[in-house]
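Student:
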């Protein structure tokens, strides 16, 4: 099924199947870490670390409470968004309130 991800008030990453989503349904903890914001293209999930402002990446297929996050950019990031189908660019709002972009292609 299709899954929705969210950062909770406790800055943890949660998930829920879209077909089950409702006012009375509960969210399940999806991964380790504490985050400010996230973006996903369906295959990869990118999240901004709460403490260091770095962007981290993890495959949605391999996501678990034990899986390691890969550092994808330097710190001082507040928010992120993805562009392209499949995603090929990440846009970041820095602590200086400027918008930056970075290619997701290596």
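In the numbering used here, the protein residues as written are 168 to 273. The C-beta atom is built at its ideal place from N, Cα and C for all residues, glycine as well.
1. If the criterion is Cβ atoms closer than 8 angstroms, does the pair residue 255 and residue 270 meet it?
2. So, using beta-carbon positions, are residue 194 and residue 214 closer together than 8 angstroms?
3. Residue 209 and residue 244 - do their beta-carbons sit closer together than 8 angstroms?
4. If I measure Cβ to Cβ from residue 227 and keep anything under 8 angstroms in the same chain, skipping five residues before and after, which residues do I get?
5. Distance check for residue 186 and residue 238, CA to CA, integer angstroms please.
6. Under the DSSP definition of a beta bridge, which residues are partnered with residue 211?
Tutor: For this structure:
1. A Cβ-Cβ contact shorter than 8 angstroms links residue 255 with residue 270.
2. Contact annotation: residue 194 and residue 214 have beta-carbon atoms that are not nearer than 8 angstroms.
3. In this structure, residue 244 keeps its C-beta atom at 8 angstroms or more from the C-beta atom of residue 209.
4. Counting only residues of its own chain and dropping the five nearest sequence neighbours on each side, residue 227 has a CB closer than 8 angstroms to the CB of 170, 207, 209, 210, 211 and 212.
5. Cα to Cα, residue 238 sits roughly 31 angstroms from residue 186.
6. Paired residues: 226.
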